[in-house]
Amino acid sequence: MFEKLEVVEKRYDELTNQIADPEIIANTGEWQKLMKEHSSIEEIVEKYREYKNTLKSMEEAKELMEDPEMKELAEEEYYASKEKIPTIEEELKFLLIPKDPNDDKSVICEIRGGAGGEEAALFAGTLFRMYGMYAERKHWKIEILNENATELGGYKEISFMVTGKGAYSRLKFESGVHRVQRVPDTESSGRIHTSTATVAVLPVVEDVEIEINPADIKMEVFRASGAGGQHINKTSSAVRLIHVPTGIVAECQTQRSQLQNREYAMNMLKSRLYEIEKEKQDSEISNTRKIQVGSGDRSEKIRTYNYPQGRITDHRIGFSVFQMENFLNGDLDEMIDNLIAADRAEKLKGDEE
-16 MFEKLEVVEK RYDELTNQIA DPEIIANTGE WQKLMKEHSS IEEIVEKYRE
34 YKNTLKSMEE AKELMEDPEM KELAEEEYYA SKEKIPTIEE ELKFLLIPKD
84 PNDDKSVICE IRGGAGGEEA ALFAGTLFRM YGMYAERKHW KIEILNENAT
134 ELGGYKEISF MVTGKGAYSR LKFESGVHRV QRVPDTESSG RIHTSTATVA
184 VLPVVEDVEI EINPADIKME VFRASGAGGQ HINKTSSAVR LIHVPTGIVA
234 ECQTQRSQLQ NREYAMNMLK SRLYEIEKEK QDSEISNTRK IQVGSGDRSE
284 KIRTYNYPQG RITDHRIGFS VFQMENFLNG DLDEMIDNLI AADRAEKLKG
334 DEE
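In my numbering, the protein residues as written are -16 to 336.
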């Protein structure tokens, strides 16, 4: 660990000199790239320097303990420093876990009703409302990109963008199959039904992260059928983009202009293509070691919402909360904090193996 820390500190010093170089400052793109790297390792370096200073204080106090006049004060300093060392070492181990480069990004979420017909569509609507209320608590902005609503107020599918720093770091664990057990409003006999909805959480990617050949994209325009009033329904402002090599389709029909809809659809397309590439890389890594919590497998049943028991259980970490109403009103932090902690513990364990 300490050899790695020495390398990180050396790189930090190099970057400190580079970002102060007038020639590099003049090259905005290069300067921003170096600043980002500098910022990403700053906390590690500061903590490592605190560790080295604490060790130094301990050694100095040990020497001063030989002086009868300084012995009492020196002992106090020595044992205080000694007590801090294990805590700082644990913090350093945690800081050395590689950060997900997407964590600070905004996200595109896609929710689809799964098994269960109309009840599954209603559950998809419940999940959309839940994430909307969570975003509100975090002061994030939500924009609906595409929706296929049902007559009873559910969604066969709905796509939306959540804009806000750190959105991906909090929502990425939501990808997968969500299962609900409840008595549907449409059920007269009071029988409990089990239905599912799938959630996909994709980071919003920048142009530099993924390149798409314009010749590979087929664009179709059509009249929107969703919300938006008379203007949308009278003009062909909705946009459908088809990525020919992969067959991936991205649609947007909620903006007033065709240009805006195309921009949003392109964002969705880039995010989906980026996710495919990321999954390919992750699967290569998982041949060596798979981190279950953050796998994001869309076919994996990750959570059950049991209404009769008022219980929400995340199957990946075996954690349950019993505040159904609060949870569905966007109080997700306890669950998400536990998922993040489990993910970090798994990564730390993997690094030690």
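Virtual Cβ for every residue (Gly too), placed ideally from N, Cα, C.
Comparing C-alpha positions only, which one of the options sits nearest to residue i?
i, options, result
"D134", "A104, T146, F111 and I127", "It should be noted that the sequence gives Glu, not Asp, for residue 134. E134 has its Cα closest to that of A104, out of A104, T146, F111 and I127."
"L154", "I175, V188 and A118", "A118"
"K124", "A107, G108, K148 and Q306", "K148"
"L(-12)", "K65, W14, M41 and L78", "L78"
"E42", "N196, I68 and Q292", "I68"
"V188", "G173, E260 and H122", "E260"
"N309", "Q243, Y290 and S64", "Y290"
Where residue i and residue j are concerned, what is the direct C-alpha to C-alpha distance, given to the nearest angstrom?
i, j, result
"L110", "C92", "11 Å"
"H214", "R239", "Its pLDDT being 42, under 50, H214 is placed unreliably by the model, and the measurement read from it follows with that caveat. Their backbone Cα atoms lie some 7 Å apart in a straight line."
"G230", "M251", "14 Å"
"R95", "E329", "29 Å"
"R120", "T237", "24 Å"
"V182", "E317", "19 Å"
"A210", "H21", "Because A210 sits at a pLDDT of 45, beneath the cut-off of 50, its placement in the model cannot be relied upon, and the following sentence gives the value as read from the coordinates. Taking the straight line from one Cα to the other gives about 45 Å."
"K82", "D199", "33 Å"
"V(-10)", "Y31", "11 Å"
"T287", "M307", "11 Å"
"K88", "A57", "48 Å"
"G279", "F106", "Note that G279 scores a pLDDT of 41, beneath 50, so its modelled location is shaky and nothing firm can be said."
"G115", "E72", "39 Å"
"G12", "R165", "53 Å"
"A150", "D86", "7 Å"
"K201", "T146", "27 Å"
Within a Cβ cutoff of 6 Å, which residues of the same chain sit near residue i, ignoring the five residues on either side of it in sequence?
i, result
"L339", "Only positions -16 to 336 of the chain appear in the structure, and residue 339 is not among them; the question remains open."
"Y(-5)", "I24 and V28"
"G99", "S178"
"F305", "G293 and R294"
Report all residues from its chain with a CB closer than 7 Å to the CB of residue i; omit the five preceding and five following residues, and keep chain order.
i, result
"I300", "V276, N321, L322 and A325"
"S303", "R294, I295 and T296"
"E101", "T133, L135, G137 and T169"
Answer with buried or exposed for residue i, where buried requires no fewer than 16 other C-beta atoms within 10 angstroms of its C-beta.
i, result
"G137", "buried"
"E157", "buried"
"P167", "buried"
"M144", "buried"
"S178", "buried"
"E234", "buried"
"T271", "Confidence at T271 is low in this model, with a pLDDT of 37, below 50, so the placement of that residue should be treated as unreliable; the coordinate-derived value is given next. The residue in question, T271, is exposed, as its Cβ has fewer than 16 Cβ neighbours within 10 Å."
"N36", "exposed"
"F(-15)", "exposed"
Mind reading off the beta-carbon distance from residue i to residue j? Whole number of angstroms is fine, and I expect it under 8 Å.
i, j, result
"V160", "K284", "5 Å"
"A248", "V227", "Not confirmed; about 15 Å, so no contact."
Can you list, in chain order, the residues of its chain with a C-beta nearer than 8 Å to that of residue i? Leave out the 5 residues immediately preceding and following it.
i, result
"L17", "L(-2), Q1, I2 and I7"
"M48", "K54, A57, E58 and Y61"
"R327", "F77 and I80"
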